[in-house]
Amino acid sequence: RWFSIRNGQLLYMKRNNATSTNDSAQQPSLPQSIMVPDLRLCSIRSANDIDRRFVFEILSPNSSHLLQADSQAQCEQWVSSLQLAIKNSFKSSNDNSQNSASVCFVLIHKILNK
1 RWFSIRNGQL LYMKRNNATS TNDSAQQPSL PQSIMVPDLR LCSIRSANDI
51 DRRFVFEILS PNSSHLLQAD SQAQCEQWVS SLQLAIKNSF KSSNDNSQNS
101 ASVCFVLIHK ILNK
């Protein structure tokens, strides 16, 4: 699966079969689904999972999502990026700015769903 952060939401799409599993820079051209509609309501933390490495957790009022990165560095990057997106969402809502260019924070990355 591929995930992106946009306008305070966590979006995902299934991997395009034509997309190489080693090419994380290429964005697939599949429709995106909303995994988390409002990141401002979430907390992000690294998760200690005995069976899996490089796991982090997204906790929302109604659900919990465990995601696994390819490396510890990517896991830390995801946690930092999600926390930054949450911070930026609060900042933009406090400024009453709904300009999508200023709200948009995009990070496309491959996360293994094992």
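Note that UniProt numbering has the sequence shown beginning at 1, numbered continuously upward.
Even glycine gets a Cβ: it sits at the ideal position worked out from N, Cα and C.
Can you confirm whether the region 85-92 touches the region 64-72 when touching is taken to mean that 3 or more C-beta pairs between the two stretches lie within less than 8 Å? Too few Cβ pairs lie closer than 8 Å, so no.
In angstroms, rounded to a whole number, what distance separates the CA positions of methionine 13 and serine 4? Taking the first residue of the sequence shown as position 1, residue 13 is located at position 13. Taking the first residue of the sequence shown as position 1, residue 4 is located at position 4. So the alpha carbons of these two residues sit roughly 9 Å apart.
Taking only runs that begin and end inside the UniProt domain "PH" (1-87), name each unbroken beta strand (DSSP E) of 3 or more residues, in chain order. 2-6, 9-13, 33-36, 43-47, 55-59 and 64-68
Within 10 angstroms of its Cβ, does serine 92 collect 16 or more other Cβ (buried), or is it exposed? Here residue 92 corresponds to residue number 92 of the sequence shown, with the count starting at 1. Looking at its Cβ environment, which holds 16 or more other Cβ atoms inside 10 Å, serine 92 is buried.
Would you say leucine 11 and isoleucine 44 are within 7 Å of each other, going by their C-beta atoms? By one-based count along the sequence shown, residue 11 stands at place 11. By one-based count along the sequence shown, residue 44 stands at place 44. No, the Cβ-Cβ distance between leucine 11 and isoleucine 44 is not below 7 Å.
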